[in-house]
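Asks: I'd like to ask you about the structure that follows.
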Amino acid sequence: MAKILTKGSKQTPNAATCLNYISEGWIQTFGRPKTLRLDPAGSFRSAAVESFCDRSDIYLDVIPGEAHWQIGIAEQAIQGVKQLMNKLHEHDPELTPEQLLSLSVATFNQREMVRGFSPVQHVLGQSPDATDRHVPTVRPQDVEPILNDTVAEFQKEAERRAVAERALVDWQAQQRVNRAMNSRRLLKCSPEQLRPASQREELLESISQSDPTPWTFTKLSEEIGGNQYEDISDEVPREEEWNRAQDASREVQPSRMRIHGKRPVPQPGIDDDIGMEEEGGNNQPSRVRRTAEQQGPRGPERERVAWSELVHESAWAVHETSYWTDEQAAVEIAIDLPTRGKEAERFCKDAQAYLVSMLKRRAVEVSEKRLSAEDREKFAAAKDKEVKNFISAQAFEALPKELQPAKEQAIGMRWLLTWKVQDDGSVKPKARAILLGYQDPQYEFRSTTAPVMTRQTRQLFLQAAANRGWRIRKGDISGAFLQGRDYPDELFCIPCDEILSAMNLPKGSITRLKRACYGLVDAPLEWYKTVAEFMESIGLTRLWSDACAWVWKPQGQLRGMVTGHVDDFMFGGRDDDQGWQQVLQLIKERFKWGDWDQDHFTQCGVQINSVPEGFTLTQPRYLDGLAEIPVCSSRKKQKGAPTNDREKSQLRALLGGLSWYAQQTGPHIAAEVSLRLSDICESTVETILQVNQLLEYARQRQDHKLVIHRCQDEDMQFFAWVDAANKNRRNEGSTQGIFIGAASRALLQGEVCTVSPMSWHSTKIDRVCRSPGASETQAAVNGEDSLFYMRYQWAEMRGQGVDLQNPSNTAAQVGGTIITDSRNVYDKLHNTVLTIQGAEKKSNLELLSVKESQMNTGLGVRWVHSEAQLANALTKKGAKELELYYKMDFRWRIVEDPSMKSARRRRMDGLTPLEQASLPI
Numbered sequence: 001m002a003k004i005l006t007k008g009s010k011q012t013p014n015a016a017t018c019l020n021y022i023s024e025g026w027i028q029t030f031g032r033p034k035t036l037r038l039d040p041a042g043s044f045r046s047a048a049v050e051s052f053c054d055r056s057d058i059y060l061d062v063i064p065g066e067a068h069w070q071i072g073i074a075e076q077a078i079q080g081v082k083q084l085m086n087k088l089h090e091h092d093p094e095l096t097p098e099q100l101l102s103l104s105v106a107t108f109n110q111r112e113m114v115r116g117f118s119p120v121q122h123v124l125g126q127s128p129d130a131t132d133r134h135v136p137t138v139r140p141q142d143v144e145p146i147l148n149d150t151v152a153e154f155q156k157e158a159e160r161r162a163v164a165e166r167a168l169v170d171w172q173a174q175q176r177v178n179r180a181m182n183s184r185r186l187l188k189c190s191p192e193q194l195r196p197a198s199q200r201e202e203l204l205e206s207i208s209q210s211d212p213t214p215w216t217f218t219k220l221s222e223e224i225g226g227n228q229y230e231d232i233s234d235e236v237p238r239e240e241e242w243n244r245a246q247d248a249s250r251e252v253q254p255s256r257m258r259i260h261g262k263r264p265v266p267q268p269g270i271d272d273d274i275g276m277e278e279e280g281g282n283n284q285p286s287r288v289r290r291t292a293e294q295q296g297p298r299g300p301e302r303e304r305v306a307w308s309e310l311v312h313e314s315a316w317a318v319h320e321t322s323y324w325t326d327e328q329a330a331v332e333i334a335i336d337l338p339t340r341g342k343e344a345e346r347f348c349k350d351a352q353a354y355l356v357s358m359l360k361r362r363a364v365e366v367s368e369k370r371l372s373a374e375d376r377e378k379f380a381a382a383k384d385k386e387v388k389n390f391i392s393a394q395a396f397e398a399l400p401k402e403l404q405p406a407k408e409q410a411i412g413m414r415w416l417l418t419w420k421v422q423d424d425g426s427v428k429p430k431a432r433a434i435l436l437g438y439q440d441p442q443y444e445f446r447s448t449t450a451p452v453m454t455r456q457t458r459q460l461f462l463q464a465a466a467n468r469g470w471r472i473r474k475g476d477i478s479g480a481f482l483q484g485r486d487y488p489d490e491l492f493c494i495p496c497d498e499i500l501s502a503m504n505l506p507k508g509s510i511t512r513l514k515r516a517c518y519g520l521v522d523a524p525l526e527w528y529k530t531v532a533e534f535m536e537s538i539g540l541t542r543l544w545s546d547a548c549a550w551v552w553k554p555q556g557q558l559r560g561m562v563t564g565h566v567d568d569f570m571f572g573g574r575d576d577d578q579g580w581q582q583v584l585q586l587i588k589e590r591f592k593w594g595d596w597d598q599d600h601f602t603q604c605g606v607q608i609n610s611v612p613e614g615f616t617l618t619q620p621r622y623l624d625g626l627a628e629i630p631v632c633s634s635r636k637k638q639k640g641a642p643t644n645d646r647e648k649s650q651l652r653a654l655l656g657g658l659s660w661y662a663q664q665t666g667p668h669i670a671a672e673v674s675l676r677l678s679d680i681c682e683s684t685v686e687t688i689l690q691v692n693q694l695l696e697y698a699r700q701r702q703d704h705k706l707v708i709h710r711c712q713d714e715d716m717q718f719f720a721w722v723d724a725a726n727k728n729r730r731n732e733g734s735t736q737g738i739f740i741g742a743a744s745r746a747l748l749q750g751e752v753c754t755v756s757p758m759s760w761h762s763t764k765i766d767r768v769c770r771s772p773g774a775s776e777t778q779a780a781v782n783g784e785d786s787l788f789y790m791r792y793q794w795a796e797m798r799g800q801g802v803d804l805q806n807p808s809n810t811a812a813q814v815g816g817t818i819i820t821d822s823r824n825v826y827d828k829l830h831n832t833v834l835t836i837q838g839a840e841k842k843s844n845l846e847l848l849s850v851k852e853s854q855m856n857t858g859l860g861v862r863w864v865h866s867e868a869q870l871a872n873a874l875t876k877k878g879a880k881e882l883e884l885y886y887k888m889d890f891r892w893r894i895v896e897d898p899s900m901k902s903a904r905r906r907r908m909d910g911l912t913p914l915e916q917a918s919l920p921i
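Under our numbering, the letters of the sequence shown match residues 1 to 921, in that order.
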């Protein structure tokens, strides 16, 4: 399709003219295209083009001017049309530009071959006849009666077409010559086609790099050597052998005949097996005599086999040169099988997947045999450091020979060598001696559950530190388990040779275990008991709400706090508080510490920084460790194709990594991660592409930070935004979103206040909900439950009275408000008495727990429209509430609206999401 839009020097069509021609000349004939690819020049840069594409649902692909490879087809076509127009103008100068353009375009459409057919044949199904008609007829019709012009004009038109076709042939030939001459300078791929290789592709490339040719003459000469050769000049045939070889009746002559067709399949003959004498037999002629069966006329052609197939086995070398020539050869890969627990269930469910996961886990370790000399020295130093830790901790007790039990009653020990990644991205060698705990005779009877600090405790600890102006510190205990209390049970062990050498004991000596070392199933629990006993001994009080948090509150006033996650601890208190500094000194003296940081540190993968307004939390490098799921270009087109087991496993791994990021610092991706996790069992290729896009979106926001703002304890309370999306998952599952923040009570008055994120969830509702009201009720009930726990823990941290028999009294000491956008839930909770009526009786019964909390703990209930609901972004993809929350520097407002207008009605009235009549934003 082509049309001259403007004429004259330096006259270019505007955007309206171009769009009008696209609508009339292309869309009315062929329909709307999916993609419009343009060079950003002239009128194509107009906003009208973008608006037109948006209205018409056309993807506007703007190509840089220097990226010729993306629009090379269009550029070549325009050059070809110009060349044809020039040739036609030279042939007939009287032709108008419109006639030249029309004839050139028609020639291209009817004569250029694309995959064996012309463009006209591709689109219309057949080529036109001599009069450009596309009407199929059985009988040939005369041309002259249907012509509007004379025969002379028709003859001129035919000559012009012939000139145009010759010009097209010349242009195509020149294009082929140009491609052949410039083939080495052509781009093999464009920059947008390049992407980083996945880990799997790197592994495949590393194992596939081999010499495609097993040998070359140059390589062969290098291996043999310049002066090494085999002299066979003395092996001259005897005269008898020479004469016999010339006699066709005595010796088989080489067959020589011309094959005119396809070579027939060779038929097996009875004379194919040619016997050869064993070594030590009589010397035989070098040629095989013709047997009786071979005489006579030429029979079927003998089967052609390689000469090596005719050589007896005894002629080959008798010494084996490869390990794999032995049929019994094998390589052992030993994996300790689990006997009970979740590991055993995983193994019974899919032994192959369990084996692969264990091998991957082993791949993290470093093989000492494969280390370089420099790295071996580094790990030797790391081993020495670990040995000193064991000796200083007196982890083993030497036993006399007569008191040593049998070796079957002792457990073994081995080295675990790894490269530990530092906070700055560098690595250092780490050697750890671990006990083989699975050999423990009392393995199944030992307790294994050990508590760790929760995310909520971390957030509340930082909020308390911000409110009181505390300095926070982080300490990492070196060799934590070795500093634990004496092991209460009797257990025998055979330590590593390096440890026995330091103890001046012979190799293989049996010792008694004195510390719960790494590898024992109950080592984490023994370490926790050690820490808990010491913290309580120096005056700290363990929280009932979190067993890994201790507070220091002399005279009932909170003045310091300690939280622990195995061997990583955070401390909060004032520098000018002498009592707190003495507590810190006792802690430092009791344990041997490695890193000890303050104000800026990384705790459990989350970087915590002190800032004037409080604290920030971020994970700047975490997403770099997550890799996209590789999908080839052909499979990307099969979006509806189901995923295989390997792709499902990759989806679980990638979504698991994104889920950790969403739980720690990225609530803005929590909803989509939760929804995609429900799609894995019935996932398709489109699911993989969506998850890859989610990873890329998260990477673009790697500088994202959560902010904990400073607030006054007396003025602070907790707010829970609750929302639900009904039946937006597979199998009619519903999603609930809960966002709990700490803010000033002024938020209840409609003011814009800072809100510190304390807890957030985006999860599937446990049961199927019949209506949106049922799902909103479930979200409100679960949100109130989380809010109750938050209020209880904060009251306990502040040092207020804790009544374990009546926890509602404790929670009532801290204000709490639940915020919903469901009128159904709000109306039921706003009434004085909740009556069980309607179809959702079960939901009403569940809502009674929220009503009870209103009466016993002073819980407040507020309603906001959906665009002022923070939890809305935790239930569905594409919601922008959290993005607005971030842009406002973690500030929000409870929008007051007595008329309870919906978000759609507010937009029609010209109101912004957080605007209210009485308090303009």
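Ideal Cβ positions, reconstructed from N, Cα and C, are used throughout, including at glycine. What you are looking at is a predicted structure, and each value in this text was computed from that prediction instead of being measured.
Closer than 8 Å is the cut-off here; do at least three beta carbon pairs connect the region 717-737 with the region 638-658?
Replies: No, the region 717-737 is not in contact with the region 638-658.
Asks: Looking only at C-alpha atoms, which of Tyr-438, His-704 and Lys-636 sits nearest to His-668?
Replies: Along the sequence shown, one-based indexing puts residue 668 at 668. Looking at the Cα atoms, His-704 is the closest of the given residues.
Asks: Skipping 5 residues on each side, what residues in its chain have a beta carbon closer than 7 Å to that of Arg-730?
Replies: As a working note, residue 730 is residue 730 in the sequence shown. Counting only Cβ-Cβ distances below 7 Å, and skipping sequence neighbours, we find Ser-678, Asp-679 and Glu-682.
Asks: Once you ignore the five residues that flank Arg-745 on each side, which residues in its own chain have a CB closer than 8 Å to its CB?
Replies: Against the sequence shown, residue 745 aligns to sequence position 745. These residues qualify, in order along the chain: Asp-715, Met-716, Gln-717 and Gly-815.
Asks: Can you tell me which of the three DSSP states Asp-785 falls into?
Replies: Stepping through the sequence shown from its first residue, residue 785 is reached at position 785. DSSP places Asp-785 in helix when its eight states are reduced to three.
Asks: Return helix, strand or coil for Ile-274, following the three-state DSSP convention.
Replies: Taking the sequence shown and counting its residues from 1, the one referred to as residue 274 is at position 274. Residue placement at Ile-274 is poorly supported in this model, since its pLDDT is 39, which falls under 50; the coordinates still yield a value, given next. If DSSP states are grouped into helix, strand and coil, Ile-274 belongs with coil.
Asks: In three-state terms, what does DSSP make of Thr-817?
Replies: Along the sequence shown, one-based indexing puts residue 817 at 817. In this structure, Thr-817 counts as strand in the three-state DSSP scheme.
Asks: So, is His-122 buried or exposed, given that buried needs 16 or more other C-beta atoms within 10 angstroms?
Replies: Locating residue 122 in the sequence shown gives position 122, counting from the first residue. Exposed, because fewer than 16 other Cβ atoms sit within 10 Å of the Cβ of His-122.
Asks: Determine the closest residue to Gln-11 out of Ala-2, Trp-26 and Gly-42, with distance taken between C-alpha atoms.
Replies: Sequence index remark: in the sequence shown, residue 11 carries index 11 (1-based). Comparing Cα positions, the closest option is Gly-42.
Asks: Which word fits Asn-109, buried or exposed, when buried means at least 16 other C-beta atoms lie within 10 angstroms of its C-beta?
Replies: Translated into positions along the sequence shown, residue 109 becomes position 109. By the 10 Å Cβ count, Asn-109 comes out buried.
Asks: Could you work out which residue in Phe-52, Pro-40 and Ala-16 is closest to Pro-33 when comparing CA atoms only?
Replies: Position 33 of the sequence shown holds residue 33. Answer by Cα proximity: Phe-52.
Asks: Beta carbon of Ile-688, beta carbon of Ile-629: below 7 Å?
Replies: Reading the sequence shown from its first residue, position 688 is the one you call residue 688. Reading the sequence shown from its first residue, position 629 is the one you call residue 629. Closer than 7 Å, so yes.
Asks: Leaving aside the five residues before and after Thr-418 along the sequence, list all residues of the same chain whose C-beta is less than 7 Å from its C-beta, in chain order.
Replies: What you label residue 418 is simply residue 418 of the sequence shown in a count that begins at 1. Same-chain partners within the cutoff: Val-364, Glu-365, Val-366 and Lys-430.
Asks: May I ask you to report which of helix, strand or coil DSSP gives Tyr-59?
Replies: For the purposes of this step, residue 59 is identified with residue 59 of the sequence shown, where counting begins at 1. Correct three-state label for Tyr-59: strand.
Asks: Name the two residues that bound the continuous alpha helix (DSSP H) containing Ala-502.
Replies: Taking the sequence shown and counting its residues from 1, one reaches residue 502 at position 502. Counting along the chain, the alpha helix (DSSP H) containing Ala-502 begins and ends at 497-502.
Asks: Whose CA, out of Leu-706, Ile-510, Lys-420 and Gln-581, lies closest to the CA of Leu-403?
Replies: Along the sequence shown, read from residue 1 onward, the residue named residue 403 stands at position 403. Of Leu-706, Ile-510, Lys-420 and Gln-581, the residue nearest in Cα terms is Ile-510.
Asks: Check this for me: beta carbons of Ala-780 and Glu-840, under 7 Å apart or not?
Replies: Your numbering for residue 780 matches position 780 in the sequence shown. Your numbering for residue 840 matches position 840 in the sequence shown. Their beta carbons are not under 7 Å apart, which means Ala-780 does not touch Glu-840 by this criterion.
Asks: Straight-line CA distance for Ala-245 to Glu-251?
Replies: Stepping through the sequence shown from its first residue, residue 245 is reached at position 245. Stepping through the sequence shown from its first residue, residue 251 is reached at position 251. Spanning the two alpha carbons is a distance of roughly 6 Å.
Asks: For Ile-765, which option in Met-85, Ala-724, Ala-450 and Met-797 has the closest C-alpha, if you only look at C-alpha atoms?
Replies: Translated into positions along the sequence shown, residue 765 becomes position 765. Nearest of Met-85, Ala-724, Ala-450 and Met-797 to Ile-765, Cα basis: Ala-724.
Asks: Assess contact between the region 580-592 and the region 557-572, defined as three or more Cβ pairs (one per stretch) separated by less than 8 Å. Is contact present?
Replies: These segments touch.
Asks: Quick one, which of Phe-571, Arg-823 and Val-531 has its alpha-carbon nearest Arg-458's?
Replies: Position 458 of the sequence shown holds residue 458. Closest option to Arg-458, Cα to Cα, is Phe-571.
Asks: Beta strand (DSSP E) containing Pro-757: first to last residue?
Replies: Taking the first residue of the sequence shown as 1, we reach residue 757 at position 757. 756-764 is the span of the beta strand (DSSP E), which, as asked, contains Pro-757.
Asks: Tell me, which residues are paired with Leu-543 by DSSP?
Replies: Numbered from 1 along the sequence shown, position 543 holds the residue referred to as residue 543. Leu-543 is not bridged to any residue.
Asks: Using only the alpha-carbon positions, how far apart do Arg-907 and Glu-881 sit?
Replies: Along the sequence shown, one-based indexing puts residue 907 at 907. Along the sequence shown, one-based indexing puts residue 881 at 881. Looking at the two C-alpha atoms, the distance is approximately 15 Å.
Asks: State the beta-bridge partners of Arg-862 as determined by DSSP.
Replies: Residue mapping note: residue 862 aligns to position 862 of the sequence shown, counting from 1. The partner list for Arg-862 (beta bridge, DSSP) reads Ile-819.
Asks: Which residues share a DSSP beta bridge with Leu-337?
Replies: Residue mapping note: residue 337 aligns to position 337 of the sequence shown, counting from 1. Leu-337 pairs with nothing; no bridge assigned.
Asks: Measuring alpha carbon to alpha carbon, tell me which of Pro-898, Arg-111, Val-151 and Leu-84 ends up nearest Gln-99.
Replies: Locating residue 99 in the sequence shown gives position 99, where the first residue counts as 1. The shortest C-alpha separation from Gln-99 is found at Leu-84.
Asks: With three or more C-beta pairs closer than 8 Å as the rule, is the region 545-554 touching the region 794-803?
Replies: Yes, they touch.
Asks: With three or more beta-carbon pairs closer than 8 Å as the criterion, would you say the region 591-599 touches the region 616-629?
Replies: As far as the Cβ criterion goes, the region 591-599 does not touch the region 616-629, which means the pair count is below three.
Asks: Using CA coordinates, which residue listed in Arg-473, Glu-202, Gly-508 and Gln-439 is at the minimum distance from Val-521?
Replies: Mapped onto the sequence shown, residue 521 falls at position 521. Per the Cα distances, Gln-439.
Asks: Quick check: the Cα distance between Phe-601 and Val-707, rounded to an integer number of angstroms?
Replies: On the sequence shown, residue 601 is found 601 positions in, with the first residue counted as 1. On the sequence shown, residue 707 is found 707 positions in, with the first residue counted as 1. Taking the straight line joining both Cα atoms gives about 15 Å.
Asks: Count the other CB atoms, across all protein chains shown, that sit within 10 Å of the CB of Ser-634; report buried if there are 16 or more and exposed otherwise.
Replies: Taking the sequence shown and counting its residues from 1, one reaches residue 634 at position 634. Under this definition Ser-634 is an exposed residue.
Asks: Using three-state DSSP, classify Ala-641 as helix, strand or coil.
Replies: Within the sequence shown, numbered from 1, the residue matching residue 641 stands at position 641. Ala-641 falls in the coil class under three-state DSSP.
Asks: What residues are listed by DSSP as bridge partners for Asp-597?
Replies: Counting from 1 along the sequence shown, the entry for residue 597 is found at position 597. Looking at the DSSP assignment, Asp-597 forms a beta bridge with Lys-474.
Asks: Report all residues from its chain with a CB closer than 8 Å to the CB of Arg-586; omit the five preceding and five following residues, and keep chain order.
Replies: For the purposes of this step, residue 586 is identified with residue 586 of the sequence shown, where counting begins at 1. It should be pointed out that residue 586 corresponds to Leu in this sequence rather than to Arg. If we look at Leu-586 and ignore the five residues flanking it on each side, its Cβ neighbours are Ile-538.
Asks: Taking 6 Å as the cut-off, is the CB of Ala-671 close to at least one heavy atom of the ligand PLP?
Replies: Among the components modelled here there is no ligand, and therefore nothing to report on the ligand PLP.
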